[in-house]
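Here the protein sequences line up with chains A and B, keeping their order.
End of the first sequence = 350 in this note's numbering, gap-free, step of one.
End of the second sequence = 241 in this note's numbering, gap-free, step of one.
Note that beta-carbon positions come from the ideal geometry of N, C-alpha and C, so glycine has one too.
Computed from a prediction, not measured in an experiment: that's the story for all the values here.
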Amino acid sequence: MSQSVLVVGGGPAGLSAAKSLASIGQNVTLVEKEEILGGAPILSGYAKLVPSGEWASEAIGRMVRSAENSKSIKVHTSTKVTELTGEPGNFSAKLSNGTEVSVSSVILATGFTHFDSVNKPEWGFGSHPDVVTTTQVEQMISSGKGVHCPSDGRKPDRVAILLCVGSRDRQIGREWCSKICCTVSANLAMEIREELPKCSVYIYYMDIRTFGLYEGQYYWRSQEEFKVKYIKARIAEVTFDGKRVLLKGEDTLVKRPISIPFDLVVHAIGMDPNIENQDISRVFGVELEPHGFIQRAPAYDSIAGTSRAGVYVAGAAVGPETIDDSIAQGQAAAMAALGMATNAA
Amino acid sequence: MPIHEESLIRPENLRKHEELNIDNVDVSGHWSTFIETRSVADYNENLEREISAFPGGAYIHRCWQCGACTNSCTVNAINPDFNPRYWIYLARLGMEQELLRDKEIIWQCVSCHRCTHVCPRDVEPEGVMKALSHWLEAKGHTPKSQSQHFDEEFYQQILETGKIEEGRIVRNFFNRTGQPLKQPWLIRMVKNLIRGLPIMLMFKMGLSTLFRPKTKDWSKSKHSIEELIEMRELERKKILEGNEAS
């Protein structure tokens, strides 16, 4: 096990892969393009995580510290991989900081990019300050400032959460379900109701996909304990009536147009392919699937495989993924990479 | 010339004027027909609280609109406009005007409880139907139903004496609902009673009509029941008047 395994990306999947390899003495080179480790939960300032309810800074913070303190993991932050040459079992990777490492295999944990709501202009993001994203509300909560209207700082009496913003929408070329937004929104709705008991929260949906056990913990609980209201309607337009943000659409169950004022409108933004996936595809020689995520090899033959032998992938790089599953996939990729490292030795 | 599209518009949304002058332009006649918007302009957030304050309505916030209640409904099989699923939705979102359009049929629930047995979320729709009817009465949208008069007479007698006396209930019920006491079926029943001559029974009935006996030690029970009712009604009153925060 003299050669190192290269892990690209320091989010939940990458940290999990690095930690798993290090736990059995395998040397790891962990490359992160940002200045700090932790990935989206840390960089975007998520609040309480699903399903543990732990603060992201604490839960993911533990993973970061464990990687930083490990003797087997060499961390390069503010660094990218610029070139990967060689064969499975004997790759050579050039890093942007000038280092060159010899690695037996590569794990891509390059994650995703949040959907940018300005690409859906009819829903008012960017034209009115009180239209925000789930990520911004997470930040309001995690920073301790609390949920408020950015326009004047007041506490909202009525909040709308719009689901499937940047998901399941052929008009903007994003046909996939981002998988986590329903659960995240139900969780946020409960956090808002907990902080502001007099504030009503409405969720506008096409379908609710709080899959598996999240059904009871998030969808049912948000209704039964927190009286969050779910309305089946895809909003047509978000405007401003001079005082509050106006939501226009059709209430599909009443078959009537609605035009309802809200203090705060939240976009439940989806997960896009990492904006740098074209570069990643070129540098690592891996194919992308039609939506732009990294193409996975059939799971039956090679768990965590890509189109290139010796290069593995884990987490939201292959499509929308939860934090828990990204962590599990990180360990699966570590096992696959380890097989490669051991055979090569 | 009649405008046939008018038939597509809810009559209450049509605004007609025999004579109308706008900015010195005479628009009398058909040109003065206007249509109120169908658009729902706001949610009445107190409505859900109001209806859940009535017995049976406590679980409406659980509803996810699957429609199992309406599908299983005995009355819906006869009258497709009888739609508990829809009314629960209107109550939750506070679409009061929409709800009042159906006030003449909401109370027609026969309490077969099939909806309550099929509901996957334990909303207890049968109870919601009761709550809706009581809400309509309390808000003065519908007059008290006959069964409501009967219930009131029944529990008032219980409250006073701890007992019921059938003759008094029947008399007062007819009195409250403005019906004559001389009902053919009642006359036949009394005649049969006299013909059969159950002397002791008639003697007891006569006695209790005159003296109205009470259950032993009833005053204590009466006091605590009254207290409970008063407490509940006060809570409900607060909510109906909109003084109750969520």
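Return helix, strand or coil for residue i, following the three-state DSSP convention.
| i | result |
| --- | --- |
| Gly91/A | strand |
| Phe298/A | coil |
| Phe119/B | Reading off the sequence shown, one finds Glu at residue 119/B, where the question assumed Phe. Of the three classes helix, strand and coil, the one that applies to Glu119/B here is coil, per DSSP. |
| His64/B | Note on residue identity: the sequence assigns Cys, not His, to residue 64/B. The answer is helix: DSSP assigns Cys64/B an H, G or I state. |
| Met345/A | helix |
| Tyr207/A | strand |
| Val10/A | strand |
| Phe120/A | coil |
| Thr140/A | helix |
| Arg239/A | coil |
| Glu37/A | coil |
| Ile55/B | helix |
| Arg163/B | helix |
| Trp225/A | helix |
| Cys187/A | helix |
| Ser101/A | coil |
| Ala240/B | Below a pLDDT of 50, predicted positions are generally treated as unreliable, and Ala240/B, at 47, falls in that range; the measurement from the model is reported next regardless. Ala240/B falls in the coil class under three-state DSSP. |
| Ser62/A | helix |
| Phe245/A | strand |
| Pro138/B | coil |
| Leu54/A | coil |
| Ala273/A | strand |
| Arg33/B | coil |
With distances taken between CB atoms, is the gap from residue i to residue j smaller than 9 Å?
| i | j | result |
| --- | --- | --- |
| Lys85/A | Ser101/A | yes |
| Ser110/A | Gly94/A | yes |
| Val152/A | Glu196/A | yes |
| Val113/B | Ala86/B | no |
| Thr140/A | Asn282/A | no |
| Val243/A | His133/A | yes |
| Glu292/A | Ile285/A | no |
| Asn54/B | Ser47/B | As written in the sequence, residue 54/B is Tyr, which differs from the Asn given in the question. Yes, they are a contact pair. |
| Arg239/A | Tyr209/A | yes |
| Leu176/B | Arg166/B | yes |
| Ser9/A | Val108/A | yes |
| Tyr359/A | Ile236/A | As shown, chain A starts at 6 and ends at 350. That puts residue 359/A outside it, with no answer to give. |
| Gly157/B | Lys199/B | no |
| Ile185/A | Val35/B | no |
| Tyr81/B | Leu11/A | no |
| Leu117/A | Asp277/A | Rather than Leu, the amino acid found at residue 117/A in this sequence is Phe. The answer is yes: Cβ separation under 9 Å. |
| Ser113/A | Phe289/A | Checking the displayed sequence, the identity of residue 113/A turns out to be Leu instead of Ser. Their beta carbons are under 9 Å apart, which means Leu113/A touches Phe289/A by this criterion. |
| Arg116/B | Trp26/B | no |
| Ala406/A | Leu168/A | Examination of residue 406/A is not possible in this model, given that chain A is present from 6 through 350 alone. |
Ends of the alpha helix (DSSP H) at residue i?
| i | result |
| --- | --- |
| Val113/B | Arg109 to Val113 |
| Gly19/A | Pro17 to Ser28 |
| Glu222/B | Trp213 to Leu235 |
| Met195/B | Ile194 to Phe206 |
| Pro46/A | Ala45 to Leu48 |
| Ile78/A | It is not in any alpha helix (DSSP H) - Ile78/A instead sits in the beta strand (DSSP E) that spans Ile78 to His81. |
| Asn41/B | Asn41 to Ser47 |
| Asn78/B | Per DSSP, Asn78/B belongs to no alpha helix (DSSP H) and is neither H nor E. |
How far does the beta strand (DSSP E) with residue i in it reach, from first residue to last?
| i | result |
| --- | --- |
| Phe216/A | First-last for Phe216/A: undefined, no H or E at that position. |
| Arg261/A | Arg261 to Phe267 |
| Ile166/A | Arg163 to Val170 |
| Tyr317/A | Val316 to Val318 |
| Pro278/A | Met276 to Pro278 |
| Leu201/A | That residue, Leu201/A, is in no beta strand (DSSP E); it is neither H nor E in DSSP. |
| Gly254/A | Val250 to Asp256 |
Using a beta-carbon distance below 9 Å, is residue i in contact with chain D?
| i | result |
| --- | --- |
| Arg163/A | No chain D appears in the structure shown, which is made up of the protein chains A and B. |
Would the beta-carbon of residue i be found less than 8 Å away from any heavy atom of the ligand SAH?
| i | result |
| --- | --- |
| Pro303/A | As presented, the structure is devoid of all ligands, the ligand SAH included, so that no description of it is given. |
For the pair the stretch 29 to 46 of chain A and the stretch 72 to 82 of chain A, tell me if three or more CB-CB distances fall below 8 Å. yes
Mind checking the stretch 256 to 284 of chain A against chain B and listing, in chain order, the residues whose C-beta falls within less than 8 Å of any C-beta there? Asp256, Leu258, Val259, Arg261, Pro262, Ile263, Ser264, Ile265 and Pro266
Could you tell me whether the stretch 65 to 84 of chain B touches the stretch 95 to 110 of chain B, where touching means 3 or more Cβ pairs closer than 8 Å? yes
Listed in chain order, which residues of the stretch 195 to 208 of chain A have Cβ atoms closer than 7 Å to some Cβ of chain B? Pro202, Lys203 and Ser205
Three-pair Cβ contact test at 8 Å for the stretch 258 to 278 of chain A versus the stretch 155 to 167 of chain A: yes
For the stretch 229 to 260 of chain A, which residues have a beta carbon sitting closer than 8 Å to at least one beta carbon of chain B? Glu229, Lys232, Lys234, Tyr235, Ile236, Lys237, Asp256, Leu258 and Val259
Pairs of beta-carbons, one from the stretch 7 to 26 of chain A and one from the stretch 327 to 347 of chain A, closer than 8 Å: are there three or more? yes
With contact counted as at least three CB pairs below 8 Å, one residue from each stretch, are the stretch 213 to 230 of chain A and the stretch 178 to 197 of chain A in contact? yes
The stretch 12 to 24 of chain B contacting the stretch 82 to 96 of chain B, beta-carbon criterion three pairs below 8 Å: no
State whether the stretch 19 to 28 of chain A contacts the stretch 47 to 57 of chain A, with contact taken as three or more CB pairs (one from each stretch) at a distance under 8 Å. no
Give, in chain order, every residue of the stretch 47 to 61 of chain B whose Cβ lies closer than 9 Å to some Cβ of chain A. Tyr54, His56, Arg57, Cys58, Trp59 and Gln60
Looking at chain A, which residues of the stretch 115 to 132 of chain B have a Cβ within less than 9 Å of any of its Cβ atoms? Arg116
Quick one: which residues of the stretch 66 to 96 of chain B get their C-beta closer than 8 Å to a C-beta of chain A? List them in chain order. Tyr81, Tyr84, Leu85, Arg87, Leu88, Met90 and Glu93
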